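So the sequence shown is residues -23 to -1, 1 to 159, counted in mature numbering (1 follows the signal peptide of the UniProt record, and there is no 0). Where a beta carbon is used, it is the ideal one built from N, C-alpha and C, also for glycine. Since this is a predicted model, take the numbers as computed values, not measurements. Below: the structure, in structure tokens.
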Amino acid sequence: MPSLLSPCSYCLLFFYFTLLATTAVFPATSAPPQPQATISDQFLTPHNQARAAVGVGPLQWSKNLTLSASQITNAQQKAACGFANLNSSPYGANQAWASYPMGPAEAVGSWVNQGKYYNHTSNTCAQGQECGTYTQVVWRSSVAIGCAQVTCVSKAGGGAPAATLTLCVYNPHGNVQGQFPY
């Protein structure tokens, strides 16, 4: 009786049955899901990496400071989403604003990036640059931190991207005139 399958069809059938047998014996495995980093970890990790790089101990997360940061950012969200005036605050503070959804690590990274302009030997910042947010991140006597972020709806409408306001508060505050951060 003549075969209904060509020699090439037999190859495909062999491959198909081999694949089925292999899958049955060696089922596909997937890596266990990685736990999502908490918001506090997303803020703390880059802070503490920058601090460790200059020999400063880690910051600890403070629920009270986080509540304070949340109250401030929520108020700013209702008031055009600009930076808060924190001159009378007992805490140190860093703020970031982006015209797009910015994550916690990116906000902290923008502050840490200013460290390239900071000269520790003379405790100065390169002319025309800002270093205050970097020095607050690595300020030795600051031991506690709390942070918050809010999304600000674009008033431009038409699908314009939302902005992000980020605030971290530090206790005790840093950037004391005449003192070195570390």
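Outcome for residue i when other beta-carbon atoms lying within 10 angstroms are tallied against a minimum of 16
{"i": "G155", "result": "exposed"}
{"i": "A29", "result": "exposed"}
{"i": "N96", "result": "exposed"}
{"i": "Q13", "result": "exposed"}
{"i": "N90", "result": "exposed"}
{"i": "V146", "result": "buried"}
{"i": "S45", "result": "buried"}
{"i": "C129", "result": "buried"}
{"i": "G59", "result": "exposed"}
{"i": "V153", "result": "exposed"}
{"i": "A57", "result": "exposed"}
Whether residue i touches residue j by CB criterion (7 angstroms)
{"i": "T98", "j": "P158", "result": "no"}
{"i": "W26", "j": "A82", "result": "According to the sequence as given, residue 26 is Gln; it is not Trp. Not closer than 7 angstroms, so no."}
{"i": "T22", "j": "N71", "result": "no"}
{"i": "A125", "j": "T50", "result": "yes"}
{"i": "W74", "j": "L144", "result": "no"}
{"i": "S76", "j": "A140", "result": "yes"}
{"i": "I148", "j": "Y68", "result": "Ile is not the amino acid found at residue 148; the sequence shown has Asn there. A contact, by the Cβ cut-off of 7 angstroms."}
{"i": "H24", "j": "V114", "result": "yes"}
Start-to-end residues for the alpha helix (DSSP H) that takes in residue i
{"i": "V114", "result": "109 to 114"}
{"i": "V85", "result": "81 to 89"}
{"i": "F20", "result": "16 to 30"}
Range of the contiguous beta strand (DSSP E) that encloses residue i
{"i": "A75", "result": "69 to 75"}
{"i": "N148", "result": "140 to 148"}
{"i": "T128", "result": "121 to 129"}
Presumed contact (8 angstroms Cβ cut-off) between residue i and residue j, rounded CB distance
{"i": "A61", "j": "Q53", "result": "5 angstroms"}
Quiz item: With contact counted as at least three CB pairs below 8 angstroms, one residue from each stretch, are the region 118 to 130 and the region 22 to 38 in contact?
Solution: With a cut-off of 8 angstroms, the region 22 to 38 and the region 118 to 130 count as touching, because enough Cβ pairs lie within range.
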